[in-house]
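Residue numbers (my numbering), protein chains in the order written: chain A, 90 to 205; chain G, 2 to 122. Beta carbons are placed, not taken as given, at the ideal position from N, Cα and C, and that holds for glycine. Here the structure is laid out as structure tokens; the discussion comes afterwards.
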Amino acid sequence: AQKITQTQPGMFVQEKEAVTLDCTYDTSDPSYGLFWYKQPSSGEMIFLIYQGSYDQQNATEGRYSLNFQKARKSANLVISASQLGDSAMYFCAMREGPTSYDKVIFGPGTSLSVIP
Amino acid sequence: NAGVTQTPKFRVLKTGQSMTLLCAQDMNHEYMYWYRQDPGMGLRLIHYSVGEGTTAKGEVPDGYNVSRLKKQNFLLGLESAAPSQTSVYFCASSYSYGQGLPGGLNTGELFFGEGSRLTVL
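Shown next as structure tokens:
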């Protein structure tokens, strides 16, 4: 069963606007970590942000923030003030732990296009 | 620091041929991973290793073998390549659970190589 769901295959956003990329996950482990990665057209994987299941506050890293709703099992990525360079694939990932800490599973990704 | 290095970056094989992808990391990470990326399917875990001499199956292990003889290296082998194995392969590594770093515990983020594009004809 797929553990990470990203329901938006493609998204468009106007430059300077904010955009939310959805991610829902499935786990019965109370301890887990959630990640977002960016993959530009050049192909490299870039780590953006991390949220631990026990973290009390939503994670933020510059223009990126993670809207963590534990009861709904969602970890949406919010990008504020979109820039042309934000056009890329975005992947949500989860590491369950500690018993399954070793595995990291990715979702299918969302393609974001920023329009000038 | 080189980080995570994959070789080769590109390879074209004929059906039935064998090959090995090499992943090397210089960050003293315990955990190493091989993923494949196909359009619309994200990254799927093939095999992974939690330490030297240990390997485990991921989501899509069939047709692949791996070895971790040295902590810094993780090899992915295709014994008899098939067209279905045409893909982009990514190696990644991370610290182990609870491993402390200056300033606190690590997040367990993956550090990725640049990817290897394999085409099987």
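Annotation note: the segment 20-73 of chain G contains the following uninterrupted beta strand (DSSP E) runs of length 3 or greater, listed N- to C-terminal: 20-26, 32-38, 44-52, 55-58, 66-68. The segment 109-120 of chain G makes contact with the segment 83-93 of chain G: 3 or more CB pairs, one atom from each, lie closer than 8 Å.
About 11 Å separates the beta carbon of Q73 (chain G) from that of A3 (chain G), a gap too long to meet the 8 Å contact definition. Distances from the alpha-carbon of S169 (chain A) to those of A:M178, A:K159, A:E150, A:K162 put A:E150 closest. DSSP places Q95 (chain A) outside both helix and strand once states are collapsed to three, so it counts as coil.
Residue pairing for N165 (chain A): DSSP places it in a beta bridge opposite A:N156.
Annotation: T21 (chain G) to E110 (chain G) spans about 26 Å, alpha carbon to alpha carbon. Put simply, the backbone Cα of L76 (chain G) is about 15 Å away from that of D63 (chain G).
Chain order gives no chain A residues near T87 (chain G), where near means a beta carbon separation below 7 Å; the closest approach is about 16 Å.
Assignment of S200 (chain A) by DSSP, reduced to helix, strand and coil, places it in the strand class. The alpha carbon of S117 (chain A) has as its nearest neighbour, out of A:G196, A:I135, A:A160, the alpha carbon of A:A160. A distance below 7 Å between beta-carbons, with the five flanking residues on each side excluded, links E31 (chain G) to the following residues of its chain, in chain order: V51, G52, Y96, S97.
For S130 (chain A), the three-state secondary structure derived from DSSP is coil.
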